[in-house]
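**Q**
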Amino acid sequence: MVRTWGKGTEIVLKKGKLGKCAKISNQGSSPELKLSQKLGDVGKIEKLLLDPKEPGYLRSNSYWKEFGFKRFDHVKEGKIFDMCRILHTDLGAQPRLLISGTTIRVRLLKAKDEFTLLAKSGNYKLQIENISLFIRKCDVSSSILVGHEKALEQSLFQMPFMKIETKTFILSSGLKSVIIPNAVNGILPSQMILGLVSKSTFNGDFQKNPFNFKYYNLSYISLSENGIQIPMSAYTPSYRNNLFARNYLSLFTDLAHNNTNVTLEDYKNNTCLYIFDLPQDFSASDTFMNVARSRDISVHLKFDEDLQETHY
0 MVRTWGKGTE
10 IVLKKGKLGK
20 CAKISNQGSS
30 PELKLSQKLG
40 DVGKIEKLLL
50 DPKEPGYLRS
60 NSYWKEFGFK
70 RFDHVKEGKI
80 FDMCRILHTD
90 LGAQPRLLIS
100 GTTIRVRLLK
110 AKDEFTLLAK
120 SGNYKLQIEN
130 ISLFIRKCDV
140 SSSILVGHEK
150 ALEQSLFQMP
160 FMKIETKTFI
170 LSSGLKSVII
180 PNAVNGILPS
190 QMILGLVSKS
200 TFNGDFQKNP
210 FNFKYYNLSY
220 ISLSENGIQI
230 PMSAYTPSYR
240 NNLFARNYLS
250 LFTDLAHNNT
260 NVTLEDYKNN
270 TCLYIFDLPQ
280 DFSASDTFMN
290 VARSRDISVH
300 LKFDEDLQET
310 HY
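For the sequence shown, counting from 1, position 152 maps to 151 in numbering that gives the first Met the number 0; every step adds exactly one.
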């Protein structure tokens, strides 16, 4: 567990025998991590990443196979490596700046090693040695600052922002048709992204990749907003017959991305995400906000065969 309250706070992260101190300074919008990782036999890792029959299968095309080897070589044998990404948080995804003097409390929680690491066998650990958070600060004109101060004397500052929420639903084994009622009850989200993972993968397993979203023989998926079906014509993929182009297209249209670096084969093997752009003008990815609406949304799923295990 990693916590930070206020500015430049030191934290301590302990993981079994490899416990060490870690520091975090909230100075930026993207965290830089320095980590050390112990991995096992190279041949086993290669098979785990590149054999489509393995649960930790990485990618199918040659580019990503080569990338997977390079990434493994970068971290093998307990090497210290660094990573730098943006924080996937509500405030980190806003197209606007925070007013001066805003107090933010950040809390980072480390996932367990069974979730973050891939290994054929063994007990490996991921050790965080240092974390830095970089925040961009912009200078504005003095006249604007004076205007802010005068406005704050009269009322509180209110800023609307896009809320990102993750929900988990259980699909029990043996089911062939599932309805998830009240998946959303209240303010209608602008976008919904659905994916399926097995229970063991969700809880953490060294031999399974938690970011491999399989299709699990799904043959029907749609939403129901106050009794109105979304989309008007439900998604009815047939993965056995390689008929799922419409679902794949939604990665581009409903995310408003021209390129997602996901091929058609990748989508079927490990990136089966179902995107729903809910505003009527398909503006979920735009910077402006639509008028909030209260709705009830349920999710409808059908499969070609009974689920063999519990899924989330």
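Glycine included, C-beta positions come from ideal geometry on N, C-alpha and C.
1. Locate the beta strand (DSSP E) running through Glu148, then write down its first and last residues.
2. By the three-class DSSP mapping on this structure, what secondary structure does Gly194 have?
3. Glu304 by DSSP, collapsed to three states: which one?
4. Mapping the DSSP letters down to three states, classify Gly226 as helix, strand or coil.
5. Compute the Euclidean distance between the alpha carbons of Phe133 and Glu148, then round it to the nearest angstrom.
6. From Leu195, Cys271 and Pro209, pick the residue whose C-alpha is nearest to that of Ala118; which is it?
7. Anyone know if the C-beta pair for Leu170 and His310 falls short of 9 Å?
8. Quick test of the definition: if touching needs 3 or more C-beta pairs under 8 Å, does the stretch 190-207 touch the stretch 271-279?
9. Who are the Cβ neighbours of Asp40 in its own chain at under 8 Å, not counting the five residues just before and after it?
10. Taking Arg106 as part of the alpha helix (DSSP H), name the residues at either end of that continuous run.
11. Measuring alpha carbon to alpha carbon, tell me which of Leu187, Lys175, Ile130 and Asn225 ends up nearest Ser218.
12. For Leu272, which residues does DSSP report across the bridge?
**A** With the structure as the only source:
1. Taking the sequence shown and counting its residues from 1, the one referred to as residue 148 is at position 149. It is not in any beta strand (DSSP E) - Glu148 instead sits in the alpha helix (DSSP H) that spans Ser141 to Gln153.
2. Indexing the sequence shown from 1 puts residue 194 at position 195. Three-state DSSP puts Gly194 in a strand.
3. Stepping through the sequence shown from its first residue, residue 304 is reached at position 305. In the three-state scheme derived from DSSP, where H, G and I count as helix and E and B as strand, Glu304 is classed as coil.
4. Against the sequence shown, residue 226 aligns to sequence position 227. Coil, per DSSP.
5. Taking the first residue of the sequence shown as position 1, residue 133 is located at position 134. Taking the first residue of the sequence shown as position 1, residue 148 is located at position 149. Roughly 26 Å separates the two Cα atoms.
6. Against the sequence shown, residue 118 aligns to sequence position 119. Checking every option, the nearest Cα to that of Ala118 belongs to Pro209.
7. Against the sequence shown, residue 170 aligns to sequence position 171. Against the sequence shown, residue 310 aligns to sequence position 311. Cβ atoms of Leu170 and His310: closer than 9 Å.
8. yes
9. Reading the sequence shown from its first residue, position 41 is the one you call residue 40. No answer about Asp40 holds up, because its pLDDT of 44 lies below 50 and its placement is not dependable.
10. On the sequence shown, position 107 is the one that residue 106 refers to. Element bounds for Arg106: not the alpha helix (DSSP H) but the beta strand (DSSP E), Val105 to Leu107.
11. The residue given as residue 218 occupies position 219 in the sequence shown. Selected option, being the one with the closest Cα: Lys175.
12. Working through the sequence shown from its first residue, we reach residue 272 at position 273. Note: Leu272 sits in a beta bridge opposite Gly194.
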